[in-house]
Structures are given as structure tokens and as C-alpha cells.
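These notes are about the structure you will find just below.
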Amino acid sequence: MALWQAIILGIVEGLTEFLPISSTGHLLATKEILDLGQTQTTEKAIDSYIISIQIGAIFAVAVLYRNRLKQMFQGLRGNNSDGRRILNALIVAFIPTALIGYIAADFVKDELYGLTPVAAAWIVGGASILFVQRKRLFQEEGIVLENLSLNQALIIGFVQSLALWPGVSRSLVTIVAGVLIGMSLKAAVEFSFLLGFVTLTAATIYEIGNDGQEIINNFGYLSPTIGLVVAFSSAILSVRWMVGWLEKRSFAVFGYYRILAGLVAFLLISIGFF
252 MALWQAIILG IVEGLTEFLP ISSTGHLLAT KEILDLGQTQ TTEKAIDSYI
302 ISIQIGAIFA VAVLYRNRLK QMFQGLRGNN SDGRRILNAL IVAFIPTALI
352 GYIAADFVKD ELYGLTPVAA AWIVGGASIL FVQRKRLFQE EGIVLENLSL
402 NQALIIGFVQ SLALWPGVSR SLVTIVAGVL IGMSLKAAVE FSFLLGFVTL
452 TAATIYEIGN DGQEIINNFG YLSPTIGLVV AFSSAILSVR WMVGWLEKRS
502 FAVFGYYRIL AGLVAFLLIS IGFF
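End of the sequence shown sits at 525 in this note's numbering; the numbers just go up one at a time, nothing left out.
Structure representation (C-alpha cells):
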């Protein structure tokens, strides 16, 4: 892999990881455009590489939400009741995805890592955003993060497992699930980011544990390092932009984008570009 390709993958990963537009879908499309993974061996290595550079996005959330993470650490030590409640909610929400993901991991990679499933998920997800927006369910008022119950967190966790389908977007389904159970949009977005921190950390550790040596054998140390550094920088910008955007503007822009991306993807597939 050329360094410029590592940079592009890092940019795409960082910009899309926490937006409700699916980082996996965009990375699969980028992989095809860059003509990476031409053999079965390199295909598997590229897919593992893509997951490994999520480390950059993980660090971005750790930096941006360091005070919240500190609060949860204090809660773990018994010094902060709000932090303990948030930590418990995150653990409960993580469990369903971890179990379902472990069981379905091979099926997802073998059967769903393609642009046709991604394009379909983009369109369905976009329509879902526009439906929720039209019903005015994205509210400024609602349950705050500290008051999220464990049962509500469990619901979000089960819904998050839908994002195992590439193109669905983990951020999208967790944010929508949050507002549907009564959370404010701000709280739902923050919980989505924090749950993403936990989920991505676990997924990355699992992937590197299984295929870390294969990543190094195929790409060395430089390309993955550059990819994750670029992913970190672009994720910082992406998260800050999204939080600022949602304070003043509509969530619907992501719905329109997803539908457009899905239609373009289907068009390119139909003419044999992919």
C-alpha cells in the first residue's frame, strides 16, 4: 500500500466513523476505488487494516471526552455516582453487540462486505433519518445521560447490533434508538460517541489479536501508523463539526446524503464501475 493510499483511508475513517453515514460503507467503497485487495489474501488483510486504523478515531473520542471518561473512572472507584451510572449503562449497552458480533463476525465479513448491501443500507438508513426528522422526534429536551436506565441502555445495545450490517452506521442506529426512548438529541449523540469508544476499542483489540501479524506482514508499521494518525486528526474535526452542526441545524442533511450516496453506488454498480 502506498502512503498516499494510507492517508486517504485514514481521512475517510476519521471523517465518517462518528457521523451517521457509515464508516465501513465508505471504506469499502474507497477500497474499491483505490483498487486495493486484489487477491483473497490481500482482501482479508485490507479489511483487517481498515479496522486497525480505528485506533485513531478511538483516541479522538478519548481526547474530546476526556472529562467524561475521567468522571467514569472516578465512578469506578466509587467517587462519582453519575460517572458510575454512565459507566454501567455503557457496559450494559455493549454486551449485546459483543455477543452478537462474536457469533456473526464471519458471516458478516463473508456475506455482507460488499457494495450492494452497503448501498441498500445507505438508502434505508437515510429514509429512516428523514422519517424521524419529519416526526420531530429529535428533541432538545429529554433524558440526560446521567439518568439513562440500564433497561434503556440495553435497548440501545441491541439496536447497535444492526450496525454489523455494513452501511447501516453504528452512530445512526444508536442516536435514533436514544431519541426514540426519550433521550435529548445532545445526550443521544454523546452516548453514541462514548458507546462507540467502547465498541471500537473492543473490536480493534479483537481484530489485532487475530490478524495483527498479518497486517504487519502485508503493510509493515509505517502505513498503519500513518493511517491511524490521520484518522485521529480527521475524527477530531468530524466530531467537533457534528456537535456544532446539530446545535443549530437539522439532522436531515445526513438522511439526504445517505440516500444520494446509495443511489450513486447502485448506479456505479449497474454500469460495472465496481
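A virtual CB, placed ideally from N, CA and C, is assigned to each residue, including glycine.
Spatial distance of R421 from I380 (CA atoms) | Computed Cα separation, rounded: 13 Å.
Go through its chain and collect everything with a Cβ distance to I510's Cβ below 6 Å, but skip five positions before and after it.
-> I374 and G377.
Going straight from the alpha carbon of N339 to that of Y507, what length do you get?
-> The C-alpha of N339 lies about 35 Å from the C-alpha of Y507.
Does the pairing of the stretch 455-475 with the stretch 406-413 give three or more beta-carbon distances under 8 Å?
-> Verdict: no, contact absent.
To the nearest angstrom, report how far apart I309 and F448 are at their CA atoms.
-> Using only the alpha carbons, I get a separation of about 6 Å.
Can you tell me the Cβ-Cβ gap for L279 and I259, rounded? I've got them flagged as a contact below 8 Å.
-> About 14 Å separates the Cβ atoms of L279 and I259, ruling out a contact at the 8 Å cut-off.
What residue does the alpha helix (DSSP H) around F224 start on, and which one ends it?
-> Summary: the structure shown does not reach residue 224, with the chain confined to residues 252 through 525, and so no result is reported for it.
For F502 versus F389, is the C-beta spacing smaller than 8 Å?
-> Going by C-beta atoms, F502 is nearer than 8 Å to F389.
Who pairs with I394 in a beta bridge, going by DSSP?
-> Under DSSP, I394 shares a beta bridge with M434.
S274 - DSSP class collapsed to helix/strand/coil | Here DSSP, grouped into helix, strand and coil, assigns S274 to helix.
Would you identify the three-state DSSP class for S420, choosing helix, strand or coil?
-> The answer is coil: DSSP assigns S420 none of H, G, I, E or B.
Cβ pair count under 8 Å reaching 3, the stretch 318-333 against the stretch 424-438 = Flag = no, the stretch 318-333 and the stretch 424-438 do not touch.
Give the single residue among R385, V369, L396 and G352 whose Cα lies nearest to the Cα of G334.
-> Measuring from the Cα of G334, the nearest candidate turns out to be L396.
Hey, would you say E498 sits closer than 8 Å to S435, going by beta carbons?
-> Taking the C-beta atoms as reference points, S435 is found no nearer than 8 Å to E498.
Kindly indicate the opening and closing residues of the alpha helix (DSSP H) around A349.
-> Per DSSP, A349 belongs to the alpha helix (DSSP H) from S332 to F358.
Sequence-distant residues of the same chain with beta carbon closer than 6 Å to Q384, five excluded per side | Answer for Q384: F502 and A503, listed in chain order.
Where S400 falls: helix, strand or coil (DSSP) | When DSSP states are grouped into helix, strand and coil, S400 belongs to the coil group.
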